[in-house]
Amino acid sequence: MATIRDVAKRAGVAPITVSRVMNNSGYVKPETRRRVEEAAAELHYVPNMLAHSFRSKRTNTLALVLPDITNPFWTTVARGVEDVAGAQGFSVFFCNTDENETKQSRYLAALLRRRVDGVLLAPVTNDGTTVQMLLRQNVGVVVIDRKVKNIEVDTVRGDSIGGAYQLVRHLIDLGHRQIAALSGPANLSVSQDRVAGYAQALNEAGLTIDPSLVTFGDFTIESGRDRMQALLARRPRPTAIFAGNNFIAAGALTVMREAGLRTPEDISVVVFDDLPDPYVFEPKLTVAVQPAYELGQVAAQRLLQKINHPATKMNDVCDVILPVQIIIRQSTRSIMT
Ligand code: RIB
Numbered sequence: 624m625a626t627i628r629d630v631a632k633r634a635g636v637a638p639i640t641v642s643r644v645m646n647n648s649g650y651v652k653p654e655t656r657r658r659v660e661e662a663a664a665e666l667h668y669v670p671n672m673l674a675h676s677f678r679s680k681r682t683n684t685l686a687l688v689l690p691d692i693t694n695p696f697w698t699t700v701a702r703g704v705e706d707v708a709g710a711q712g713f714s715v716f717f718c719n720t721d722e723n724e725t726k727q728s729r730y731l732a733a734l735l736r737r738r739v740d741g742v743l744l745a746p747v748t749n750d751g752t753t754v755q756m757l758l759r760q761n762v763g764v765v766v767i768d769r770k771v772k773n774i775e776v777d778t779v780r781g782d783s784i785g786g787a788y789q790l791v792r793h794l795i796d797l798g799h800r801q802i803a804a805l806s807g808p809a810n811l812s813v814s815q816d817r818v819a820g821y822a823q824a825l826n827e828a829g830l831t832i833d834p835s836l837v838t839f840g841d842f843t844i845e846s847g848r849d850r851m852q853a854l855l856a857r858r859p860r861p862t863a864i865f866a867g868n869n870f871i872a873a874g875a876l877t878v879m880r881e882a883g884l885r886t887p888e889d890i891s892v893v894v895f896d897d898l899p900d901p902y903v904f905e906p907k908l909t910v911a912v913q914p915a916y917e918l919g920q921v922a923a924q925r926l927l928q929k930i931n932h933p934a935t936k937m938n939d940v941c942d943v944i945l946p947v948q949i950i951i952r953q954s955t956r957s958i959m960t
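The opening residue of the sequence shown carries number 624 in our numbering; numbering runs sequentially from there.
In structure tokens, the structure reads:
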């Protein structure tokens with residue numbers, strides 16, 4: 624367990640400076656404060672004098688640590704969390720990690736110092752170390768949207784395997800064989816599960832999987848653009864794409880439009896997550912929609928149960944998988960000859 628001296632050494636300051644930062648007392652130059660907070664985050668340092676009092680008092684605050692606050696999926700999850708928490712008198716801190724481990728560590732250290740009662744975490748890797756650290760500090764944790772390895776912890780997520788399977792099955796039934804999968808970050812279970820659902824549909828139809836048609840990247844528009852550009856250079860060109868999330872689809876569709884390609888006439892498109900009206904693309908997209916609002920509600924309810932009934936410790940650990948809804952619209956067509 625890191626000490627105040629370890630943090631001081633790493634930040635290149637005196638221990639008293641670390642103490643001032645941790646207690647928000649006395650003046651500390653912003654650059655010094657940033658260095659100390661970064662060092663504390665990297666060392667998972669929690670001031671002992673607070674660690675003891677951590678659990679003795681409640682602050683009636685939760686935190687939602689999510690990877691992309693610009694994505695409508697996550698703002699809808701946040702709404703579900705806030706509505707449940709607010710009804711029980713809890714305030715919610717919203718933290719945006721950009722799927723970045725340093726940002727995640729910095730936020731979690733700041734939340735621990737502010738003695739939040741519980742954390743709803745979409746972890747930026749599938750490694751359980753961060754969750755273990757939080758549980759060791761007696762902070763309530765519910766993991767959302769993705770699973771972590773090596774630790775049993777309450778998890779609430781969408782059915783990525785089932786949703787991906789149904790979308791790709793739909794393409795196969797329309798006669799598509801050259802189907803590209805553009806998934807999210809490779810170290811996330813949610814990305815792996817979407818490729819697993821894609822593979823299950825192809826295997827079930829007796830089709831071989833061409834690994835060069837399966838890519839992992841970021842859940843971003845830019846990543847969708849980059850990977851779609853590469854796919855357009857392939858011969859034969861895929862007749863369909865399965866986009867691992869809504870922003871990947873937005874990037875891919877923009878590149879297709881710039882290349883003069885139409886959906887579904889030239890390339891059919893299916894997407895995990897919907898794009899709400901302000902992003903509307905013509906044609907309307909065929910999607911797998913996760914119950915994002917309900918996911919936020921269920922996760923917050925679970926977390927508050929644990930906080931409000933610590934005595935029971937609720938040793939049973941849940942893994943709630945919420946079904947997705949498939950909506951067939953106009954972005955796919957049959958190529959059966
Ligand atoms: O960016 C939104 C995506 O990230 C969603 O598909 C959600 O499942 C999360 O993984």
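C-beta atoms are modelled at their ideal positions from N, C-alpha and C, and glycine is treated no differently.
Please classify Y650 as buried or exposed, where buried requires at least 16 neighbouring CB atoms within 10 angstroms. Numbered from its first residue, the sequence shown carries residue 650 at position 27. Exposed.
Closer than 6 Å: is that where the CB of V608 sits relative to any heavy atom of the ligand RIB? What is shown of the chain runs 624 to 960, which leaves residue 608 out entirely.
Mind pulling the beta strand (DSSP E) runs of 3 or more residues that sit fully within the region 713-789? 714-719, 741-744, 763-767, 778-781
When you compare each of D768, M624, T626 to L689 by their alpha carbons, which one comes out closest? Indexing the sequence shown from 1 puts residue 689 at position 66. L689 has its Cα closest to that of D768, out of D768, M624, T626.
Under a three-way DSSP split, which group does I802 fall into? Mapped onto the sequence shown, residue 802 falls at position 179. I802 falls in the strand class under three-state DSSP.
Kindly indicate which three-state DSSP category A674 falls into: helix, strand or coil? In the sequence shown, the residue the question calls residue 674 occupies position 51. Confidence is the limiting factor: at A674 the pLDDT is only 48, short of 50, which leaves the residue's position unreliable and the question unanswerable from this model.
Going by the C-beta, is P768 closer than 6 Å to any heavy atom of the ligand RIB? Position 145 of the sequence shown holds residue 768. Here the sequence assigns Asp to residue 768, which means Pro is not the residue at that position. Checking every heavy atom of the ligand RIB against the Cβ of D768, one is found closer than 6 Å.
Outcome for M672 when other beta-carbon atoms lying within 10 angstroms are tallied against a minimum of 16: Locating residue 672 in the sequence shown gives position 49, counting from the first residue. Interpretation of M672 is limited by its pLDDT of 45, a score under 50 that renders its predicted location unreliable; the figure taken from the coordinates is listed afterwards. Classification for M672: exposed.
Residues in the same chain with beta-carbon distance under 6 Å from P914, minus the five sequence neighbours each way, listed in chain order, please. To locate residue 914, count along the sequence shown from 1; it is residue 291. Once the five neighbours on either side are set aside, the close Cβ partners of P914 are L945.
Could you tell me whether any Cβ in chain E is nearer than 7 Å to the Cβ of T748? Structure shown: chain E not included; a single protein chain is present.
I950: first and last residue of the uninterrupted beta strand (DSSP E) it sits in: Looking up residue 950 in the sequence shown gives position 327. Element bounds for I950: 948-950.
The region 847-863 in contact with the region 918-931 per 3-pair CB rule at 8 Å: no
Please tell me whether, using a cut-off of 6 Å, the distance from the CB of F842 to the nearest non-hydrogen atom of the ligand RIB is below it. Taking the first residue of the sequence shown as position 1, residue 842 is located at position 219. Yes, Cβ of F842 sits closer than 6 Å to a heavy atom of the ligand RIB.
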